[in-house]
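S.K.:
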Amino acid sequence: DVRKLFKTMRESTLLGLILLIDAIFLCFGIDALSISYRESVTYFNGSGVLHYLTNVSCALFGQNDWALRLPFMFIHFGSVILLYKLSKPLLKRKVDRLTSVLIYMMLPGVSAGAILVNEASLVIFLTLLFVWFFQEGWRNQAYIVLIIALFIDNAFAILYLSLFFYGIVQKDSKLFSLVLILFGLFRV
Numbered sequence: 454d455v456r457k458l459f460k461t462m463r464e465s466t467l468l469g470l471i472l473l474i475d476a477i478f479l480c481f482g483i484d485a486l487s488i489s490y491r492e493s494v495t496y497f498n499g500s501g502v503l504h505y506l507t508n509v510s511c512a513l514f515g516q517n518d519w520a521l522r523l524p525f526m527f528i529h530f531g532s533v534i535l536l537y538k539l540s541k542p543l544l545k546r547k548v549d550r551l552t553s554v555l556i557y558m559m560l561p562g563v564s565a566g567a568i569l570v571n572e573a574s575l576v577i578f579l580t581l582l583f584v585w586f587f588q589e590g591w592r593n594q595a596y597i598v599l600i601i602a603l604f605i606d607n608a609f610a611i612l613y614l615s616l617f618f619y620g621i622v623q624k625d626s627k628l629f630s631l632v633l634i635l636f637g638l639f640r641v
């Protein structure tokens, strides 16, 4: 009986099994894809974080599609684990936490971001990392993530704007001041 097996298995074992199944599906996706024009521009002519990340991976593992996409797969797994950690204090039942992780992994944009060379996986990972640090009360680490995000992608402008209003509502002058400065320094 599947229900009895689900109840007796440890939560970390189930999460590992879910990640393994996700990895298998992502490997099929990587095997079916070849490098696109935009990915080749990022790899050969880029200058940002993605360029260096893909070049280091290809230097370590050889110039192939697997080496090109491997860092984004690991970033995706990091995002899944962070989402699970974020859901732990919010969702009390094991089945709810694992279901939320499954739903997240099945989102088309998340799956695509896990195997394509684009900023989406980094944006998701750093946003979840910030929220996790903030939720755990590790404010200094959360602020460091916000500073790092300034150099990654323009998509973080929305996060800065939302934290600006959150800082006003919560009367958190340190957060308010930091995101105001970061938003002002943002590249347009």
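With our numbering, the residue at position 172 of the sequence shown is 625, and numbering never jumps.
From the three backbone atoms N, C-alpha and C, an ideal C-beta is built for every residue, glycine too.
1. Specify whether the region 520-533 and the region 570-578 touch according to this definition: at least 3 beta carbon pairs, one from each stretch, less than 8 Å apart.
2. For L581, I'd like the list of residues in its chain whose CB is within less than 7 Å of its CB, leaving aside the five on either flank, ordered along the chain.
3. Short of 8 Å in beta carbon distance, which residues of its chain neighbour F583, apart from the five on each side in sequence? Order them along the chain.
4. Note down, in chain order, each residue of its chain lying with its Cβ closer than 7 Å to the Cβ of L486, except the 5 sequence neighbours on either side.
5. How is K547 classed by DSSP in three states: helix, strand or coil?
6. Would you call the CB atoms of F578 and A610 closer than 8 Å?
7. At which residues does the alpha helix (DSSP H) containing V570 begin and terminate?
8. Alpha carbon to alpha carbon, how far is L506 from G562?
9. For the structure I just gave you, are there three or more beta carbon pairs, one from the region 463-477 and one from the region 545-562, closer than 8 Å?
M.R.: Reading from the atomic positions:
1. yes
2. Its chain contains S532, L535, L536 and L539 as the residues whose beta carbon lies nearer than 7 Å to that of L581, once the 5 sequence neighbours on both sides are disregarded; these appear in chain order.
3. Counting only Cβ-Cβ distances below 8 Å, and skipping sequence neighbours, we find A595, V598, L599, A602 and L612.
4. D518 and I568
5. Three-state result, K547: helix.
6. no
7. Counting along the chain, V570 falls outside any alpha helix (DSSP H), and DSSP gives it neither H nor E.
8. 21 Å
9. yes
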